[in-house]
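Worksheet: one structure, shown below.
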Amino acid sequence: MSTVASERATDRGVAVELTDLRRTYGGVHALDGLTLHLAPGEFVALLGPSGCGKTTALRCLAGLEDPDSGTVTVAGKDLTRVPTNKRDMGMVFQAYSLFPHLTARQNVEFGLSLRRGSGAQRRTRAGEMLDLVGLGSQVDKFAHQMSGGQQQRVALARALAIEPQVLLLDEPLSALDAKVRSQLRDEIRRIQLEVGTTTLFVTHDQEEALAVADRVGVMSGGRLEQLAAPHELYASPATAFVADFVGLSNRLAGRVSQGRAEVLGGSVPVLPGSVTEGPAVVLVRPEGVRIERSDDGEATVVSASFLGATGRVVASTPDGETIHVQVANVDVPDYRPGDRVRLTPRGDAALAVHDGSDSMGTPGSK
Amino acid sequence: MSGQRARIRRRQRTFRWGVVTLVSAFFALPLLGMLDFTTRGPGGVGRSGQTWRTLADFGAVATDYPTLNDGVVTSVGLAVLTVAVMLLLLVPTMTWVRLRVPRAQRLVEFVCLLPLTVPAIVLVVGLSPIYTWLTGWLRYFFGTAISESTLWLSLAYVVLVLPYSYRAIDAGLRSIDVRTLSEAARSLGAGWPTVMWRIILPNLRSAVLSASFLTVALVLGEFTIANLFSRNNLQVAMYLLGKSDAQISVAVGLVSLVFAFLILFAMSFVGSAGQGGALTRRLRSRKESA
Ligand SMILES: Nc1ncnc2c1ncn2[C@@H]1O[C@H](COP(=O)(O)OP(=O)(O)OP(=O)(O)O)[C@@H](O)[C@H]1O
Ligand SMILES: [Mg+2]
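Chains A and B, in that order, give the protein sequences.
Just so we're aligned: 274 in the working numbering is position 226 of the first sequence, and the numbers increase by one with no gaps anywhere.
Just so we're aligned: 254 in the working numbering is position 149 of the second sequence, and the numbers increase by one with no gaps anywhere.
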């Protein structure tokens with residue numbers, strides 16, 4: 049591996065602070081008071097539904113878009129009015145962005161050629177970076193001679209070659225097929241750990257975000273809903289939106305009293321920030337529900353499907369609620385539509401509980 | 106079934122060759138006529154290569170036909186200047202408009218195509234007060250040597266070639282993702298001049314070449330404006346020469362026609378003659394648009 053990159057790994061990272069960013073297009077609030085702080089060397093994924101302002105946030109950080117108000121601070125310096133080419137940020141775009149008239153090596157050398165250093169140093173560094181992304185043997189190819197995945201690797205090498213303060217990735221993998229995507233995403237993470245650059249990674253694929261990021265920021269309507277480590281985001285979402293958006297949840301009518309929610313005939317503790325008393329909507333993960341075949345069970349199996357590593361049973365209760373339950377994949381054949389089953393919540397089943405006034409999508413829509 | 110298809114194909118081929126022959130004849134006949142005229146012997150009797158021998162002797166041409174010599178030099182100068190001004194004007198402007206004010210693209214297109222609808226005489230009438238004003242200032246600052254130069258005609262020629270070069274460069278800009286490429290370059294630390302020079306321009310190579318070739322061909326063939334401004338250029342010189350020495354005049358005309366033809370011919374190979382990258386890119390973009 050590249051020694052140049054690894055020996056610098058510890059001192060690469062800088063803090064990035066986006067504070068109260070606002071940006072409107074016509075009447076659309078693309079950013080509506082976004083505040084997002086990245087710790088030095090951190091890998092943060094920005095997640096959210098289409099149109100929530102992820103790209104706009106990234107472009108404001110890169111200087112490709114001017115915020116109407118708010119500040120962008122990197123390593124303690126206010127960069128809000130600094131032009132893109134003076135910001136020292138490496139960027140990988142969703143669209144293929146290699147310069148078509150240059151070879152892979154020349155693409156990587158481009159940023160270096162605008163900085164100090166001899167031609168020989170440049171060549172060496174470009175070679176190292178291409179090795180780092182696993183393309184050491186493709187240095188003389190043009191963009192049109194490479195696959196989409198290879199092009200994005202070169203784009204990553206090009207962005208990293210200038211040793212940027214911050215690395216920005218805007219859905220760099222979305223044009224690739226599933227296999228290459230997961231491979232490349234793990235590789236991006238490996239390289240990021242090696243070079244230690246503070247990284248903001250925009251995606252709308254939650255699996256991708258949860259898999260690679262130190263922390264995941266969930267955006268909605270131009271603001272940040274929650275910024276937390278993946279497991280925390282999944283286990284204790286701060287808002288109903290996050291609970292609903294990240295992972296799949298059942299939304300069940302329940303009742304809260306004394307910090308416990310009554311749901312599915314069981315009693316479970318609720319998470320902080322939930323309503324404390326009275327009727328409520330309880331969000332329960334599919335893996336938070338226990339299912340048993342039982343002739344006196346109240347629920348009926350609607351369908352059972354094999355999902356590869358796991359299985360899923362969809363059942364309906366007498367109240368007309370539809371509940372998704374995760375089961376082991378080998379158990380799927382045991383459940384047939386029409387079978388009677390008993391559903392009970394596991395002890396740690398409840399996610400967030402809110403009063404139901406907040407409108408959310410139906411369960412199973414994600 | 107297949108017999109019928111073969112018959113249709115045969116008929117199409119005959120038709121195609123028929124069209125090609127007709128068109129070739131249409132273009133070749135005048136040229137052959139010119140060739141015939143310039144090789145006639147004295148008094149129109151017999152054959153003689155005298156005219157072409159004279160023309161091939163540059164020294165003799167320069168002394169014997171000073172107007173022609175001046176016209177050629179002026180036209181070449183005008184062609185070079187017009188290309189330079191046209192490129193400096195169009196490439197950055199069109200790139201900028203595409204990136205920053207895409208809504209204005211229609212307006213720019215309209216303005217650039219406008220000269221097609223304006224007759225040369227109208228252009229001259231409109232331009233002459235501007236030239237009078239410009240010449241006044243130029244004389245004031247630089248003296249008559251510069252203010253009286255025919256090369257100022259290139260400004261009028263830029264207007265004249267605008268529709269054609271606009272089309273060529275627009276096609277080039279359409280074939281690349283200008284926004285992403287320039288944003289990528291800027292994020293790597295390139296300022297706008299570097300983006301233009303090292304990223305946009307190389308990718309517009311064939312578009313820039315076709316725009317330039319078209320411009321050269323148009324400028325070398327321009328007569329009306331130069332004549333109406335009482336300036337000498339290649340075509341005006343040929344016209345004047347035609348009154349005194351028709352054979353030389355026609356021979357020069359033939360040379361310039363063949364030259365223009367070669368330029369246009371070269372132009373259609375611009376993309377493919379370059380390095381592999383340019384060719385494949387062009388083929389690919391053609392495939393995508395198909
Ligand atoms: N240049 C623009 N002109 C007008 N509206 C824009 C522009 N850029 C973004 N918007 C609007 O701002 C909002 C946020 O856009 P943005 O591209 O940041 O969303 P996103 O989260 O990246 O979405 P996606 O996941 O689809 O890429 C959207 O409603 C979009 O229509
Ligand atoms: Mg986006």
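Beta carbons are placed, not taken as given, at the ideal position from N, Cα and C, and that holds for glycine.
Bear in mind the structure is a predicted one, so any value in this text is a computation, not a measurement.
Annotation: residue 250 of chain A to residue 105 of chain A spans about 9 Å, alpha carbon to alpha carbon.
Within the DSSP bridge table, the entry for residue 353 of chain A names A:360 as partners.
At a cut-off of 7 Å, the beta-carbon of residue 218 of chain A counts as near ligand 2: some heavy atom of the ligand is closer than that.
Runs of alpha helix (DSSP H) with 4 or more residues, each lying fully within the region 151-217 of chain B, are found at 155-161, 163-169, 171-205, listed in chain order. Fully contained in the region 264-306 of chain B are the following alpha helix (DSSP H) runs of length 4 or more, in chain order: 283-292.
For the pair residue 181 of chain A and residue 215 of chain A, the CB atoms are not nearer than the 8 Å cut-off. When the beta-carbon positions are compared, residue 172 of chain B and residue 356 of chain B stay at least 8 Å from each other. Only exposed fits residue 349 of chain B, as fewer than 16 other CB atoms lie within 10 angstroms of its CB. Taking non-hydrogen atoms of ligand 2 into account, the C-beta of residue 128 of chain A is found less than 7 Å away from none of them.
Taking residue 164 of chain A as the centre and dropping the five residues before and after it, the same chain places no C-beta closer than 8 Å to its C-beta. Exposure of residue 279 of chain A is indicated by the presence of fewer than 16 other C-beta atoms within 10 angstroms of its C-beta. Going by DSSP, residue 298 of chain A is part of the beta strand (DSSP E) stretching over 298-305. DSSP places residue 294 of chain A outside any alpha helix (DSSP H), giving it a letter other than H or E.
Nearest neighbour of residue 177 of chain A by Cα position, chosen from A:62, A:201, A:123, turns out to be A:201. In terms of Cα proximity to residue 73 of chain A, the closest of A:207, A:99, A:88, A:309 is A:99. Counting along the chain, the unbroken alpha helix (DSSP H) around residue 235 of chain B starts and ends at 225-247.
Taken through DSSP and simplified to helix, strand or coil, residue 144 of chain A comes out as coil. Relative to ligand 2, the beta carbon of residue 125 of chain A is positioned no closer than 7 Å to any heavy atom. Contact between the region 131-146 of chain A and the region 289-297 of chain B is established, with three or more Cβ pairs separated by less than 8 Å. Per the C-alpha coordinates, the member of A:125, A:395, A:61, A:315 positioned closest to residue 303 of chain A is A:315. Boundaries for residue 194 of chain A: no alpha helix (DSSP H) harbours it, and the DSSP string shows neither H nor E there. Bridge pairing for residue 145 of chain B: B:152 [DSSP]. Remark: the shortest separation between the CB of residue 100 of chain A and any heavy atom of ligand 1 falls under 7 Å.
Residue 250 of chain B places its beta carbon 8 Å or farther from that of residue 274 of chain B. Within a 10 Å sphere around the beta-carbon of residue 206 of chain A sit 16 or more other beta-carbons, which makes this residue buried.
Counting only the Cα atoms, residue 200 of chain B lies some 8 Å from residue 283 of chain B. Residue range 263-268 is occupied by the beta strand (DSSP E) that includes residue 263 of chain A, with no alpha helix (DSSP H) assigned at that position. Here residue 196 of chain B is not near residue 359 of chain B, since their CB atoms are 8 Å or more apart. Interface with chain B (8 Å Cβ-Cβ cutoff): residue 145 of chain A is included. Counted as a single uninterrupted DSSP element, the beta strand (DSSP E) harbouring residue 316 of chain A occupies residues 314-317. Note on geometry: alpha-carbon atoms of residue 121 of chain B and residue 131 of chain B lie some 15 Å from one another.
DSSP places residue 385 of chain A in the coil class of the three-state scheme, outside both helix and strand. With fewer than 16 other CB atoms across the displayed protein chains lying within 10 angstroms of its CB, residue 205 of chain B is exposed. Within chain A, the residues 133, 162 have their CB atoms less than 9 Å from the CB of residue 299 of chain B, given in chain order. Burial of residue 236 of chain A is indicated by the presence of at least 16 other C-beta atoms within 10 angstroms of its C-beta. Between residue 110 of chain A and chain B, the shortest Cβ-Cβ separation is below 8 Å.
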